[in-house]
Every structure is written in C-alpha cells, then in structure tokens.
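Numbering (mature numbering (1 follows the signal peptide of the UniProt record, and there is no 0)), first residue to last: -23 to -1, 1 to 349. For every residue, glycine included, the Cβ atom is placed at its ideal position computed from N, Cα and C.
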Amino acid sequence: MPFVLGAQLCVLIVFCYLTSIYGASTASCGCSSLNIPVHVDILIPKDPADPFGGLKSNASSLRHLNATYDVFGVFCQPNTVPPKNAGQFNDVVQLLFHGFTYTQQYWSPPTEEFRNYSYTAFACNRGMSTLAIDWVGVGLSSRPVNASDVQYATSSAVASNLAHRLKTTSILPGVRPFKKIIGIGHSAGSVLLNFGAIFEGARFPFDGLILTAGLIVQPTTMSGIPSMFTSARDDTPLRWGTLDPNYITTSNRSIFYPANTTSFSPRMLIFDTLTKDVGSLASLLQLGSNSLTAHYTGHVAKVVGSEDQALCADGRCADVAALNSVESVLWPEAKSFEVVVAQGSGHDMNLDFFADRPFNTFVDFVEQFTAV
C-alpha cells in the first residue's frame, strides 16, 4: 500500500507541476470550466456490440434511453484578438471532442520542453474560441453506472444538443450565442461526429466538421485493436475498481505516437499514460459506424498523420489523391470535402513535435468553413 500511495502522489505532483506550467503559457486565453446539463431521449441498440451503433437496426433491437447528464467542458476565448482577425470569429466557436480513453485535456495538455501542445491556446492566438468537453462516461462528465448506455448514439445526441445550445443561448455571462459551430474530433471523437452526421444528415447543427485521425475503419485497422485495451477496474483498481467491467482503458499508448521515437518527447508519453481515462466497450465495438454514408450538407475535412501507426501503417496514406477519392464517397452531399495528410505526425497529432502543422491546418479549415 505505501508503494501505491507513493506512486499516486508522484502522479499528482507531476500533474500539478505540468499544469502550472501550462496555465502560465496561455495568457492570451480566458478560460472557464463549466458543467452543462444535457438531456437525451433516444433509441440505442440493446446489443452494445452492434458494429453500426443502431444505424442499421430495426425497432425491435433498440431500447429507450431517457437521461440527463452533466457534461464538463472548458470554454476558452481570446483576451486579445490579432488586428488582422478583428471581429472575424466573434460568432464562431469550435466544439472539440477528444479520442478514446482521453479527456478534454487532449486539446490543452501542458507545455513541455518549451513546446506548447495546446490547440485551444493556438486557436486563441488566431482569435478563435473553443469549447472542449469530456464525453459522457469520461473525465469530469457524468458516468452512467451501466457502461452500455455510453454508445455513439448517446454521445452524438449530446454533441447535437450542445451545438444547438451554443447557437441559441448564452453558456456564460457575457458570452453571446454563436452563429456558426465547427466540430473538431480526434479519433473516436471523429467517429462521434461522423455518427451524428449520418444519423441527422442536413439537420446536424454543425456548419463544418474537421475529423482528425478518423479514416474509414478497415478490417486491418480493427485486427490489433482489442489487444490494446483492458477492463479499467482491473488495470487500475485504486481508481476504477468499482466501475462496470465494460468501461475499458488502454494497456499501451505507444501506438498513438510515431514509430520514430525522436518525433515526440518521452515525457509526453509518460504524462499521457499517467492521465489516461476510460471509454465504454460499446464505443470501441461500434467503430464500424463510420463506414456508412452521411447525407450531411456542411463542410468536411479529414486530417490524418502520415506516421499514424493505427491508420497508415500499411501505406494507405501515401497516395493522398487516392485516399481523398475513397473517403469522399461517403460524403456525397457535403459542401466541400478534403483529406490532408500531416507529414510526420502520428495518431495523436496534437502531442508530438509536429503539432503546429496540423494546428495550422485546423485553423485554416475553420477560416474556410466560416467565410461569408
């Protein structure tokens, strides 16, 4: 027991130290934490292993979920706006969705080795506001006792509800409703937005989607995935010992980084491992839902790292034109569609030494998607 407590104290000290560095590095941002109650009234698969999350199911295989969850988020807006961008993004907010077993912290990890890995800070410097949230079941958001309640239908309903709210009400005193919402997802967060675009089509309340590390799932992609995960309560009993065994976490995070270990800081990988979170088994098993056609009419972009060991290890991302042709088929009604391969980046493109490259790509797409 003393060893376990000592390890936990070490984690806490490292976390507090790195967080204090990060806080000092974001002076251009004014950030506020908030909890937003979100009500969902939806049908989800009775079988959480349904690979399409209910999108191809008949009524008899679905069950009713009616619940209200508290969704934790961090809203950041610029304290000062660059003169060239003055007023351009006042009515625009980016709603950010992290990947599997991550939290909203993925979008604003600590500064390390004088590098700032925070996309929220980067966006603030360009005059753009963001709201990064924890999925239901994750981080500081509500965690249903039954992990099978956390499916893509649940998470996409939360995303849609939040986007509607951002367009119609003030989330904080002095913050006006926004006219345009850009959804940015990472990995499973991209699948979440993809699912909502399939389910709601033209009614999906996002004006544009930037889907990072979120290509169409192929059998070769899925083959090695199950071995990466374990029941969270078995992995870290002190923290998650009372959870439903179908809340899972990663046993190894190195696959999220480039194979070339000089491409990222080893301390970032350590920090990533120490601060990992959980996800539901259902959300892992329903990844196939992003292989269905979306009748969404807004703008869509996909950004993937050339060194993504999960998605590009088979040379799939070498021919960008061919990749664009394959991926665009499932977005026939999108206002625009483009795939960008971020050279040198891994799956967690925000967390390696090349983060500025995809960050620039993200804000360029936001500018394109919100241009009058």
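| query | Is the Cβ-Cβ distance between residue 257 and residue 140 less than 8 Å? | reply | no
| message | Determine whether the beta carbon atoms of residue 182 and residue 137 lie at a separation below 8 Å. | response | yes
| said: In the DSSP output, which residue or residues are listed as bridge partners for residue 162? | reply: 74 and 188
| message | Can you check which of these residues, 235, 215, 233 and 206, is closest to residue 224 by C-alpha distance? | response | 206
| task | Out of 313, 328 and 323, point me to the one whose CA is closest to residue 342's CA. | result | 313
| query | Between which two residues does the beta strand (DSSP E) containing residue 40 stretch? | reply | 39 to 55
| Reduced DSSP secondary structure (H/G/I, E/B, other) of residue 321 | coil
| message | Please state the DSSP three-state secondary structure of residue 206. | response | strand
| task | Measure the alpha-carbon distance for residue 142 versus residue 126 and round it to whole angstroms. | result | 23 Å
| Just to confirm, are residue 254 and residue 57 a CB contact at a threshold of 8 Å? | no
| field | Which of helix, strand or coil DSSP assigns to residue 183 | value | coil
| field | Simplified DSSP state of residue 212, which is helix, strand or coil | value | helix
| message | Taking the beta strand (DSSP E) that residue 225 belongs to, which residues open and close that run? | response | 224 to 227
| message | Could you tell me the alpha carbon to alpha carbon distance between residue 44 and residue 297, rounded to whole angstroms? | response | 42 Å
| task | Using only alpha-carbon positions, find the residue among 107, 300, 145 and 195 that is nearest to residue 159. | result | 107
| field | Buried or exposed by the 16-neighbour rule on C-beta atoms within 10 Å, applied to residue 238 | value | exposed
| Hey, residue 23 and residue 39 are a contact pair by Cβ (cut 8 Å); roughly how many whole angstroms apart? | 7 Å
| field | For residue 53, the nearest candidate out of 102, 92 and 21 (CA to CA) | value | 102
| task | Would you identify the three-state DSSP class for residue 267, choosing helix, strand or coil? | result | helix
| field | Sequence-distant residues of the same chain with beta carbon closer than 8 Å to residue 229, five excluded per side | value | 205
| message | Buried or exposed, going by whether 16 or more other CB atoms sit within 10 Å of the CB of residue 122? | response | exposed
| query | Under a three-way DSSP split, which group does residue 350 fall into? | reply | The displayed coordinates of the chain run from -23 to 349. Any statement about residue 350 would go beyond what the structure contains.
| query | With distances taken between CB atoms, is the gap from residue 273 to residue 178 smaller than 8 Å? | reply | yes
| message | Let's test the definition: count the other Cβ atoms within 10 Å of the Cβ of residue 292 and tell me whether it reaches 16, buried, or not, exposed. | response | exposed
| message | Rounded to the nearest angstrom, what separates residue 110 and residue 96 at their Cα positions? | response | 14 Å
| Does the Cβ of residue 171 have 16 or more other Cβ atoms within 10 Å, making it buried, or fewer, making it exposed? | buried
| Cβ-based neighbour list, residue 19, same chain, cut-off 6 Å, excluding 5 preceding and 5 following | 42, 130 and 134
| request: Work out the CA separation of residue 214 and residue -17 for me, nearest whole Å. | output: Residue placement at residue -17 cannot be trusted, given a pLDDT of 35 that sits under 50; the coordinates are not used to answer.
| Among 326, 34 and 82, which residue has its Cα nearest to the Cα of residue 251? | 82
| query | Would you report the Cα separation of residue 264 and residue 29, rounded to the nearest angstrom? | reply | 7 Å
| task | Compare the C-alpha of residue 259 against each of 319, 113 and 86 and name the closest. | result | 113
| Where the alpha helix (DSSP H) through residue 101 begins and ends | 96 to 102
| query | What number of angstroms, rounded off, separates the C-alpha of residue 281 from the C-alpha of residue 289? | reply | 8 Å
| field | Classification of residue 378 by the beta-carbon crowding that lies within 10 angstroms, buried from 16 upward | value | The displayed coordinates of the chain run from -23 to 349. Any statement about residue 378 would go beyond what the structure contains.
| query | Helix, strand or coil: which one does DSSP assign to residue 87? | reply | coil
| request: Along the beta strand (DSSP E) that carries residue 109, what are the first and last residues, could you check? | output: 106 to 110
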